[in-house]
Structures are given as C-alpha cells and as structure tokens.
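Residues in the sequence shown are numbered from -13 upward in steps of one, following the numbering used here. Yeah, the Cβ is synthetic: ideal placement off N, Cα and C, and Gly gets one too. Take a look at the structure set out below.
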Amino acid sequence: MVQVRGLELSQDIYIGRHVHRPATAAQNAFWDFVTAAANRTLPQLDKTLIEA
-13 MVQVRGLELS QDIYIGRHVH RPATAAQNAF WDFVTAAANR TLPQLDKTLI EA
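Here it is, written out as structure tokens:
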C-alpha cells in the first residue's frame, strides 16, 4: 500500500444473490462472511441486502 497525504481513494462494491435459487456451500460461506457483524471489511453493508 502506498499512502499519500491528503488522498483517500474508495470504491463502492455491490453484492447480491438470488434468494430463490439454492446457494452452493461456497456461496453460503461467502455470504456469511460479508454479513457477519464482526466483519469490518464491509461495515456499511446495506441492511436490505441481508434481509432480502
């Protein structure tokens, strides 16, 4: 990582899933990871995605 004083870069990341199709074990594990309360990687994950 290269830090530049006064510069902060960010990018929005959108994730979704098809709730009417069975997920694979890998998809379930990933979804559990990104929606975990302790996961600080995605602290602003939209609550509607979790409940969808």
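Contact check, residue i vs residue j, beta carbons under 8 Å
i: residue 3; j: residue 9; result: yes
Coil, strand or helix - residue i by DSSP
i: residue 21; result: helix
i: residue 12; result: helix
Cut-off 7 Å between Cβ atoms - residues of its own chain near residue i, not counting five sequence neighbours on either side
i: residue 0; result: none
Between the CA atoms of residue j and residue i - distance to the nearest angstrom
i: residue 19; j: residue -6; result: 26 Å
i: residue 13; j: residue 23; result: 18 Å
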